[in-house]
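Numbering-wise (full-length UniProt numbering), the sequence shown opens with residue 1 and increments by one.
Just so it is clear, CB atoms sit at the ideal spot from N, CA and C, and this is done for glycine as well.
Since the model is a prediction, treat every value here as computed from it, not as a measurement.
Below is one structure, written out as structure tokens; the observations come after it.
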Amino acid sequence: MHVQQLEPSRIKLTQLEQELQRARPQLLECMDRERVGTSSRQKQKFTHTAGSRSFGCVAEAEEVLSGRKVGRLQRFDITHRKKNGSPMTSEAGEIMIYLEKLNERRSPERYGRVRFQGSSVTQTQYFGSSSQQYMPSGSQAQAEVQRLKDQIAQMQARTVEQIAEQQLIADAIEREAAVAAYEAEQSKKYDEL
């Protein structure tokens, strides 16, 4: 009798053990992900204040507020300062000071290069084309305007001619249809006689 009482609890225990065996890989995987996340957060050199927004979104929001393009140095400054204006870490503060000094003593951009982007990136590739299109002199512009006006007048004259031709064709078709209808009516009357 004692054996029978232990048997149902043993069944429950084996079911519990089986459930644990099934859940163990998922639990280990979750613990492994947690460990990897913790170690990667510890390896980060700088914490930033961007939160879940990407640095591009932060830069775009700043561009909308300030009305001018935000560079990489400004973006670093924006994303690594606390609300009170102090740097997130002392290392970030040192980098900001270094970048400010670098900005102060940098020379003008060399032709065909964009600083901090390497020699293969040109200014037009990075910033887009800002060159002004060739503007002709006043007399050349007037001549161009007159040429375009003449071209428009010729196109209008051709259009009027085409409309007149189409109208003539439509009138001729209408007359032919009337003649055919009259002949059909006459033929019908002749057949009735």
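Quick one: what's got a C-beta closer than 7 Å to residue 78's C-beta in the same chain, skipping five residues either side? 58 and 62
Beta carbon of residue 81, beta carbon of residue 38: below 8 Å? no
Three-state secondary structure (DSSP) at residue 22? helix
Would you say residue 96 and residue 47 are within 8 Å of each other, going by their C-beta atoms? no
Cβ of residue 75 within 8 Å of Cβ of residue 55? yes
Using only alpha-carbon positions, find the residue among 103, 169, 189 and 93 that is nearest to residue 71. 103
Could you give the uninterrupted runs of the beta strand (DSSP E) lying entirely in the stretch 18-106, keeping only those of 3 residues or more? none
Can you grab the Cα-Cα spacing for the pair residue 169 / residue 140, in whole Å? 44 Å
So what's residue 193 in DSSP terms, helix, strand or just coil? coil
Taking a contact to mean a Cβ-Cβ separation below 8 Å, would you say residue 65 touches residue 99 in this structure? no
Outcome for residue 153 when other beta-carbon atoms lying within 10 angstroms are tallied against a minimum of 16: exposed
Rounding to the nearest angstrom, what Cα-Cα distance links residue 151 and residue 142 in this structure? 14 Å
In whole angstroms, what is the alpha-carbon distance linking residue 203 and residue 35? The structure shown does not extend to residue 203, since the chain spans only 1 to 193, so no value can be given for it.
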